[in-house]
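In mature numbering (1 follows the signal peptide of the UniProt record, and there is no 0), the protein residues as written are -22 to -1, 1 to 669. For each residue, glycine too, the CB sits at the ideal point set by N, CA and C. One structure is given here, and the rest of the page talks about it.
Written as structure tokens, this is what we have:
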């Protein structure tokens, strides 16, 4: 008996007859001084209007039928066949059947047929997040490994979107004597996907005839740009580019003989873009920025030659900043104005750098305005948009086009952002408008009518609330109404999942929807933390950035809990303040973690003369960076606000620069949410001593 194989396509579904099944691939399978901390006083209650608790929960959920719970339990036990059997016994069109159909399709379990996943997408039209099913469908088809004709029919005229899809389609095309088409997909996969070594090995065994030395050289390039030097070695051999690989690897390792190896690269690779990149990196690592800049002028412009435009832009950014540190704004501007960036995120950064250099270094506000405008054409995210409008205001103040007040007003429409807050200060506004969205009756009705929302309640009632996280996040990316988004975030928070509530708010706010308050929820720090005043707002600010409000978070460096405290640091802080230390409580008790974290932050702020900026740098990049960057850029404390903003933008590490801005904006928002006065200029200039 033949079954129909269904695979999701870009526009719908393709069905194919499925006969014999081919055999699968073989082997599938730092202590601080005792300094006064932020003070502790009993916490006062937060007004209801500031919390999501002001939004009522869903109506009562009907008792969950045993078959839904049993089917979900079967998935937990990795038994999709039992789950499918239970689902098939349910009445067609019922909510519980749809829930189990969805749970099976997104489970990622082996044994879920590809046609089942595609059928689920058809059955669940209107549910959020269904685009992910394409990847699951391709993986399932790969596991099934059906006859070539079935695979070809399943894909139709659509291209594979995953590694598994490329391999199964390539296999079917080879079996159908369509090597040229197969080579197109396999070569693209080989040249543009990370892949682990076992997967590389399988591809080499099955598709070696389709891969040329040029493909292996391209794979070496791809891996080298990504810093996967050891993995790239064999492809240097297979791509007949051993001398290039050795030179590039030596540069990556800062080897003493790197220069000699660069000069001895085989003649055939002397004009290679990879060698040019290695030369630039070699010079840049020796702080020879002018020489590196001269080579950057020769970089290729075609994306295919660049291989990784993001890494080329990274070199442009670092070299240009090195030139700026030497006062060489003209060549720095020239580099970034001719950026290699192609991703929206990188383009925004490149346009900002060009505009900032033009305005602050070259005193050319007209040119700067052009670059800041391009940011608005590239991104609708609140951080990027508010940054662009603020700097358009600064350019207008310096004589550039437009009205600075108008531009600052547009930036100030984003009160949850660093530059939105600075723009509001420019306009003399001292209050941040981060009020919680108020859902209308229509919002509530529309929300409750959504089947995916009803499914969340059923999943939670069945003891499988963790499965609903996918739906929460997908709805955050789908819903347009601030009121509905507020209900969604409230539901997540009321279920006790502050981490999820924050994710929902970030996704929605990041889409440009006016829901700033949702991106800054309160409640994760309990009353027993005994932190009040600016100390609590600061703890929230750090926790939002460090752990995203996940009390159980543990980093690769063993930093733990809400404020990501290292056990040794936490123990030393506890000892200094007569608090019994418990390593387990760092991740089990959010109030305990926040209490120790607030003490530690208070000590660090005092150690850095009250400066929030320097404290945040130390928290993110380590205390040693503070004197290093003060030595390079001067001391930001006590400077004018415009000088301080420039100082922050001079921070050389993108991660730390972003961290300082994000935590600063968090701090101001949480002060507002906790009923405290806000003044970002005062806090940046005077630090805690001014608060």
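Just the Cα atoms here: how many angstroms apart are residue 406 and residue 485? In the chain shown, residue 406 corresponds to position 428, counting from 1. In the chain shown, residue 485 corresponds to position 507, counting from 1. Near 30 Å, if we compare the C-alpha coordinates of residue 485 and residue 406.
Less than 8 Å separating the beta-carbons of residue 79 and residue 101? Here residue 79 refers to the residue found at position 101 of the chain shown. Here residue 101 refers to the residue found at position 123 of the chain shown. Yes, the Cβ-Cβ distance between residue 79 and residue 101 is below 8 Å.
Below 8 Å, how does it come out for the region 547 to 556 and the region 476 to 493: are there three or more Cβ pairs, yes or no? no
Residue 196 to residue 183 span [Cα, whole Å]: Along the chain shown, one-based indexing puts residue 196 at 218. Along the chain shown, one-based indexing puts residue 183 at 205. Between residue 196 and residue 183, the C-alpha separation is close to 18 Å.
With distances taken from CA atoms, which of 555, 551, 517, 618 is nearest residue 734? With the chain covering -22 to 669 only, the question about residue 734 has no answer from this structure.
For the alpha helix (DSSP H) containing residue 194, list its first residue and its last residue. As a position in the chain shown, residue 194 is number 216, starting the count at 1. Note, residue 194: alpha helix (DSSP H), 191 to 203.
Are the region 417 to 431 and the region 528 to 538 in contact at 8 Å, needing three or more beta carbon pairs? no
Counting only runs of 4+ residues fully inside the region 235 to 288, write out the alpha helix (DSSP H) ranges in chain order. 236 to 241, 251 to 263, 267 to 274, 281 to 284
I need the straight-line Cα distance from residue 128 to residue 455, nearest angstrom please. Counting from one through the chain shown, the residue named residue 128 turns up at place 150. Counting from one through the chain shown, the residue named residue 455 turns up at place 477. Near 34 Å, if we compare the C-alpha coordinates of residue 455 and residue 128.
Which two residues bound the contiguous alpha helix (DSSP H) that contains residue 63? Residue numbering aside, residue 63 sits at position 85 when the chain shown is read from its first letter. Here the alpha helix (DSSP H) through residue 63 covers 58 to 66.
Consult DSSP for residue 652 and reduce its assignment to one of helix, strand or coil. Here the question's residue 652 lines up with position 674 in the chain shown. Looking at residue 652 - three-state DSSP - the assignment turns out to be coil, as it is neither helix nor strand.
Nearest CA to the CA of residue 331: which residue from 384, 342, 310, 666? Here residue 331 refers to the residue found at position 353 of the chain shown. Cα-wise, what sits closest to residue 331 is 310.
Cutoff 6 Å; reference residue 16; Cβ partners in own chain excluding five residues on either side: Against the chain shown, residue 16 aligns to sequence position 38. With a pLDDT of 30 at residue 16, under the threshold of 50, the modelled position of that residue is not reliable, and the figure given next carries that caveat. Hits under 6 Å: 513, 576, 580.
Is the Cβ-Cβ distance between residue 582 and residue 573 less than 8 Å? One-based indexing of the chain shown puts residue 582 at position 604. One-based indexing of the chain shown puts residue 573 at position 595. The answer is no: Cβ separation not under 8 Å.
Have a look at residue 490 and residue 400 and give me their C-alpha separation to the nearest angstrom. In the chain shown, residue 490 corresponds to position 512, counting from 1. In the chain shown, residue 400 corresponds to position 422, counting from 1. Going from the Cα of residue 490 to the Cα of residue 400 covers about 19 Å.
Secondary structure at residue 538, three-state DSSP: helix, strand or coil? Position 560 of the chain shown, counting from 1, holds the residue named residue 538. The answer is strand: DSSP assigns residue 538 an E or B state.
Going by CA-CA distance only, name the one from 597, 625, 288 that's closest to residue 608. To locate residue 608, count along the chain shown from 1; it is residue 630. Among 597, 625, 288, the Cα nearest to that of residue 608 belongs to 625.
Distance, Cα to Cα, residue 295 vs residue 445? Indexing the chain shown from 1 puts residue 295 at position 317. Indexing the chain shown from 1 puts residue 445 at position 467. When rounded, the distance between both Cα atoms is 42 Å.
Helix, strand or coil: how does DSSP classify residue 532 here? In the chain shown, residue 532 corresponds to position 554, counting from 1. Strand at residue 532.
I'd like the list of long-range same chain contacts for residue 199, defined as Cβ closer than 6 Å, with 5 residues on each side in sequence excluded. By 1-based counting over the chain shown, the position of residue 199 is 221. Excluding positions up to five away in sequence, the list reads 252, 285.
Per DSSP, residue 516 forms a beta bridge with which residues? The count along the chain shown starts at 1 and reaches residue 516 at position 538. The partner list for residue 516 (beta bridge, DSSP) is empty, contrary to what the question assumes.
Can you find the residues in the same chain that come closer than 6 Å, C-beta to C-beta, to residue 640, ignoring five residues on each side of it along the sequence? Taking the first residue of the chain shown as position 1, residue 640 is located at position 662. Cβ neighbours of residue 640 beyond the five flanking positions: 523.
Unbroken alpha helix (DSSP H) run spanning residue 354, endpoints: Counting from 1 along the chain shown, the entry for residue 354 is found at position 376. It spans 343 to 356 - the alpha helix (DSSP H) in which residue 354 sits, taken as one unbroken run.
By the 10 Å Cβ neighbour count, where 16 or more other Cβ atoms means buried, how is residue 623 classified, buried or exposed? Here residue 623 corresponds to residue number 645 of the chain shown, with the count starting at 1. Looking at its Cβ environment, which holds 16 or more other Cβ atoms inside 10 Å, residue 623 is buried.
Where residue 262 and residue 304 are concerned, what is the direct C-alpha to C-alpha distance, given to the nearest angstrom? Counting from 1 along the chain shown, the entry for residue 262 is found at position 284. Counting from 1 along the chain shown, the entry for residue 304 is found at position 326. If I take the Cα positions, the gap works out to 14 Å.
When the Cβ atoms of the region 336 to 352 are set against those of the region 375 to 387, are three or more pairs found closer than 8 Å? yes
Simplified DSSP assignment, three categories, for residue 53: Stepping through the chain shown from its first residue, residue 53 is reached at position 75. Reduced to three states, the DSSP call for residue 53 is helix.
Can the beta-carbon of residue 551 be found less than 8 Å from the beta-carbon of residue 578? The sequence position of residue 551 within the chain shown is 573, counting from 1. The sequence position of residue 578 within the chain shown is 600, counting from 1. Closer than 8 Å, so yes.
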